[in-house]
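At position 45 of the sequence shown the residue is numbered 46 (this note's numbering), and the sequence of numbers has no breaks.
Presented below is the structure to which this report refers.
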Amino acid sequence: MDFKLTPAVVRLLQAFLEDPDAPHFGAELIKKAHVSSGSLYPALRRFEGAGWVEGETEDIDPSEVGRPARRYYTLTALGAREAHLALAELSQRVRPPTTSPGWNAGPVAGGNLT
2 MDFKLTPAVV
12 RLLQAFLEDP
22 DAPHFGAELI
32 KKAHVSSGSL
42 YPALRRFEGA
52 GWVEGETEDI
62 DPSEVGRPAR
72 RYYTLTALGA
82 REAHLALAEL
92 SQRVRPPTTS
102 PGWNAGPVAG
112 GNLT
């Protein structure tokens, strides 16, 4: 499945790839990837639908722990492979050319290098 690699999706994939075997919950991913909940949860649903992540709601009694049950998301082997490929492809597309007509790697304007 193809995903539009928005900055939020890229940061989310990077967050998962930092520790690919660890389960992550929403608030953690929001902090780690610097994304809003409005970007996070639709992306997680798409990732789940494509088999890139597996989601599982923790089995707790909310009244005992004083918070709602969290849904944890874990990157699958397919997700890890596809995330690496997508980020590598993006890197190739945004890599600056090695040469560019009219570009000179001389000193920065106003800079004194002596």
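Beta carbons are placed, not taken as given, at the ideal position from N, Cα and C, and that holds for glycine.
Just so we're clear, the structure is a prediction, and the values are computed from it rather than from any experiment.
Range of the contiguous beta strand (DSSP E) that encloses residue i
i	result
residue 72	72-76
residue 1	Here the chain has residues from 2 to 115 only, and residue 1 is not among them.
Residue i, buried or exposed, once every other Cβ within 10 Å from all chains shown has been counted against 16
i	result
residue 85	exposed
residue 77	buried
residue 83	buried
residue 44	buried
residue 80	buried
residue 10	buried
residue 34	buried
residue 16	buried
Residue span of the alpha helix (DSSP H) that contains residue i, given as start and end
i	result
residue 39	38-51
residue 65	63-66
residue 19	8-19
Beta-carbon proximity list for residue i, same chain, < 6 Å, skipping 5 on both sides
i	result
residue 48	54
residue 24	73 and 75
Contacting residues, own chain, Cβ-Cβ under 8 Å from residue i (five flanking each side not counted)
i	result
residue 31	37, 38 and 41
Bridge-paired residues (DSSP) for residue i
i	result
residue 27	Bridge partners of residue 27: none, in fact.
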